[in-house]
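Basically our numbering = 1-based index in the sequence shown + 96. The beta-carbon is built from N, C-alpha and C at its ideal position, and this holds for glycine as well. Okay, so here's the structure we're looking at.
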Amino acid sequence: MADEVLAPKPKRKKQQSKWDRFQDAASAAHAALEVLMEVHQEYKDWYENMPDGLQASEKGERLCTLCDIDIEGALDTAQEALDAEQP
97 MADEVLAPKP KRKKQQSKWD RFQDAASAAH AALEVLMEVH QEYKDWYENM PDGLQASEKG
157 ERLCTLCDID IEGALDTAQE ALDAEQP
């Protein structure tokens, strides 16, 4: 058995700290919410430029419901997470 060559143990990948994972997630959420805000504004513009008859239609009502979603509040929350200090 002296002739056996032992393979080196694989190095363990260093795991990100909780704080780094938190910051990465907050950054990704913020970036995604910025894109969502842009699309959300496009839907608002579409709804606001619809004739009154179409705003009262099923499609108009669905657009109105979508426009009522508070994306800006979610973006503010993501920004708070980005601005947080490391514990």
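Spatial neighbours of Trp142 in its chain, beta-carbon cut-off 7 Å, leaving aside the 5 residues before and after: Excluding positions up to five away in sequence, the list reads Leu159.
For Ala152, which of helix, strand or coil comes out of DSSP? coil
I need the DSSP call for Arg108, collapsed to helix, strand or coil. coil
By a C-beta neighbour count over all protein chains shown, 10 Å radius and 16 as the cutoff for buried, is Ala174 buried or exposed? buried
The ligand MG heavy atom lying under 7 Å from the CB of Cys163: Among the components modelled here there is no ligand, and therefore nothing to report on the ligand MG.
Between which residues of its own chain and Tyr139 is the CB-CB distance below 7 Å, once the five residues before and five after are set aside? Leu159, Leu162, Cys163
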